[in-house]
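Visitor: One structure is given below, represented as structure tokens, and several questions about it will come after.
In our numbering, the protein residues as written are 729 to 907.
Here it is as structure tokens:
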């Protein structure tokens, strides 16, 4: 079976994701303390994910469960109005089971994007990037959240599964026997 290679959208190599300050209900913390040793997907503008129908909600919940199975954690960065941010949080907390709820931080200045642009010395031409962060805290890839096809949660799950497969080592035959 031949698979397509995973080519990062923007990065030629892994780049440390910025350790930006995020506001939580427990106070301000640096992002790195929340994402250590975890595979993370940072979704900019998560209010777009909120389903409108019952069928969309079922697909949304299934996609969140699949991300959990892939051992990915979803984090949202709201970049629009504070009211939209509150709507997203309230919807998640009232409509989903506790283990599917994911944190959403209000980042109106899109600090992650600004800091990455400084590190890369070039402008990221995506308004709503979706970042895939590895366990070391490095950005592995960016999906274009401005494109309808790419920003859907089903597409993100598919891309996450490809990332998991591409990171596995198949050189050790004993590893396959242990699983």
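Where is the CB? At the ideal position from N, CA and C, for every residue including glycine.
Hey, would you say residue 752 sits closer than 7 Å to residue 856, going by beta carbons?
Guide: no
Visitor: Is it right to say residue 804 is buried, meaning 16 or more other beta carbons lie within 10 angstroms of its own, or is it exposed?
Guide: buried
Visitor: On a Cα-Cα basis, can you pick out the residue from 775, 790, 858 and 870 that is closest to residue 818?
Guide: 775
Visitor: Okay, do the segment 825-844 and the segment 805-813 touch, 3+ Cβ pairs below 8 Å being the bar?
Guide: Below 8 Å, enough C-beta pairs join the segment 825-844 and the segment 805-813 to call them touching: three or more.
Visitor: What's the gap between the Cα of residue 826 and the Cα of residue 880?
Guide: 22 Å
Visitor: Leaving out five residues on either side along the sequence, give the residues of the same chain with a beta carbon under 7 Å from the beta carbon of residue 877.
Guide: 883
Visitor: Going by C-alpha distance, which of 816, 764, 831 and 853 is nearest residue 873?
Guide: Comparing Cα positions, the closest option is 853.
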